[in-house]
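Visitor:
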Amino acid sequence: MRKKIVAGNWKMNKNLQDGMALAKELNEVLTAEKPNCTVIIGTPFIHLAKVSDIIDHKLIGLSAENCADKASGAFTGEVSAEMVKSTGAEYVILGHSERREYYHETYDILKEKVLLALANGLKVIFCIGESLEEREKGIQNQVVKAELEGSVFNLSAEEFANITIAYEPIWAIGTGKTATADQAEEIHAYIRSVIADKYGKQVAEDTSILYGGSCKASNAPELFSKVDIDGGLIGGASLKVADFKGIIDAWKK
Ligand code: PGA
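Taking our numbering, the leading residue of the sequence shown gets 89, the next gets one more, and so forth.
(1) Who are Y255's beta bridge partners in DSSP?
(2) For V127, does the count of other Cβ atoms within 10 angstroms reach 16, so buried, or fall short, so exposed?
(3) Apart from the five residues just before and just after I279, which ones in its own chain have a Cβ nearer than 7 angstroms to its Cβ?
(4) Between which two residues does the alpha helix (DSSP H) harbouring I197 extend?
(5) Label N103 either buried or exposed according to how many other C-beta atoms from any shown protein chain fall within 10 Å of its C-beta, with 16 as the threshold for buried.
(6) With distances taken Cα to Cα, identify the nearest neighbour of K92 among M100, L114, N124 and I134.
(7) Below 8 angstroms, how does it come out for the region 106-126 and the region 151-168: are there three or more Cβ pairs, yes or no?
(8) Taking contact to mean 3 or more Cβ pairs, one atom from each stretch, closer than 8 angstroms, check whether the region 158-171 and the region 110-124 are in contact.
(9) Sort G324, G176 and L198 by Cα distance to G183 and report the nearest one.
(10) What runs of the alpha helix (DSSP H), each 4 residues or longer, lie entirely inside the region 283-334?
(11) Cutting at 7 angstroms between CB atoms, please list the residues of its own chain near N242, excluding the five before and the five after it.
(12) Taking the alpha-carbon of L114 as reference, which of K341, A325 and K340 has the nearest alpha-carbon?
(13) So, at 8 angstroms on beta carbons, what are the nonlocal neighbours of I142 in its own chain, with the 5 sequence-adjacent residues on each side left out?
(14) Cβ of S239 versus every heavy atom of ligand 1: is any distance shorter than 6 angstroms?
(15) Measure the C-alpha to C-alpha separation of K173 and K304 and round it to an integer number of angstroms.
(16) Please state the DSSP three-state secondary structure of I227.
(17) Between which two residues does the alpha helix (DSSP H) carrying A190 extend?
(18) Could you say which of I317, E170, K158 and A120 lies nearest to A137 if we only look at CA atoms?
Here is the structure:
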């Protein structure tokens with residue numbers, strides 16, 4: 089049975105003190121009322137070590153939002169997968185459209201990052217998704233397939249078991265425009281079929297595919313009710329415990 093997941097992506101928000109306060113509050117709330125899904129928070133690098141110390145890792149998984157495409161050495165300002173792992177984090181988000189667009193992360197760069205993350209024992213939340221222009225041209229399926237083929241389909245089936253896919257249509261990220269549940273389900277089912285073609289039906293059935301893009305407590309229940317939507321990757325609504333908890337609770341409906 090594949091996992092149901094609600095993962096937060098704080099992006100470049102919260103200073104260290106505010107981030108720790110948010111993690112602490114979430115930990116308290118989930119200790120008092122256990123979630124019935126896997127909960128993960130993705131924080132900036134500088135928060136990882138301290139947040140790792142204050143959360144109960146059985147309740148909340150910890151993720152970086154990026155890692156370097158090199159193992160170690162003279163790469164000023166970069167943070168390696170090994171360093172991420174040494175903080176106590178279990179996951180890393182890779183391939184976010186903001187990284188692809190603003191920091192020019194190509195399929196090949198992402199392929200290296202994924203390999204280094206897995207080699208260092210991190211699980212990967214791998215983001216894919218089309219732009220508005222691509223959706224309007226009707227080529228969203230080709231786009232997500234190319235993203236998978238370009239950066240993760242080189243993996244063995246055993247390695248691929250450590251990958252969670254996050255489908256995030258770029259036009260829905262931070263815009264308040266959510267894909268409808270039917271629109272999301274249609275492409276999630278397609279993504280699962282592409283994984284099945286590559287790795288077989290069982291691997292595809294076991295892969296969690298999250299939806300991301302203006303997901304909130306009000307639309308999460310409908311999105312999560314779809315057979316191929318296994319949870320969400322949450323940006324804005326992960327920055328307040330009440331909002332994030334509302335999405336986590338969608339799995340109780
Ligand atoms: P959003 O971001 O929930 O703020 O739209 C989602 C994401 O980019 O992961």
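Heads up, the beta-carbon is just placed ideally off N, CA and C, and yes, glycines get one too.
All values derive from a computational prediction rather than experimental measurement.
Guide: Taking the structure as given:
(1) Here residue 255 corresponds to residue number 167 of the sequence shown, with the count starting at 1. Y255 pairs with I216 and Y299.
(2) Mapped onto the sequence shown, residue 127 falls at position 39. Buried, because 16 or more other Cβ atoms sit within 10 Å of the Cβ of V127.
(3) Counted from its first residue, the sequence shown places residue 279 at position 191. Closer than 7 angstroms at Cβ, skipping near neighbours: V232, I253, Y255 and I297.
(4) Numbered from its first residue, the sequence shown carries residue 197 at position 109. Looking at the DSSP string, the run of the alpha helix (DSSP H) that includes I197 is Y195 to A207.
(5) Along the sequence shown, one-based indexing puts residue 103 at 15. Label assigned to N103: exposed.
(6) Taking the first residue of the sequence shown as 1, we reach residue 92 at position 4. Out of M100, L114, N124 and I134, N124 has the C-alpha closest to the C-alpha of K92.
(7) no
(8) no
(9) Numbered from 1 along the sequence shown, position 95 holds the residue referred to as residue 183. Comparing Cα-Cα distances from G183 to each of G324, G176 and L198, the minimum goes to L198.
(10) 289-294 and 308-312
(11) The residue labelled residue 242 in the question sits at position 154 within the sequence shown. So the list reads K199, once near-sequence residues are dropped.
(12) Counting from one through the sequence shown, the residue named residue 114 turns up at place 26. Nearest C-alpha to L114: A325.
(13) Counted from its first residue, the sequence shown places residue 142 at position 54. Around I142: M108, A111, K112 and N115.
(14) Sequence index remark: in the sequence shown, residue 239 carries index 151 (1-based). Every heavy atom of ligand 1 is 6 angstroms or more from the Cβ of S239, so no.
(15) Here residue 173 corresponds to residue number 85 of the sequence shown, with the count starting at 1. Here residue 304 corresponds to residue number 216 of the sequence shown, with the count starting at 1. So the alpha carbons of these two residues sit roughly 29 angstroms apart.
(16) The count along the sequence shown starts at 1 and reaches residue 227 at position 139. DSSP places I227 in coil when its eight states are reduced to three.
(17) Within the sequence shown, numbered from 1, the residue matching residue 190 stands at position 102. In the sequence as presented, Ala is not what sits at residue 190; that position holds Tyr. Unbroken alpha helix (DSSP H) run through Y190: S185 to Y190.
(18) Here residue 137 refers to the residue found at position 49 of the sequence shown. The shortest C-alpha separation from A137 is found at E170.
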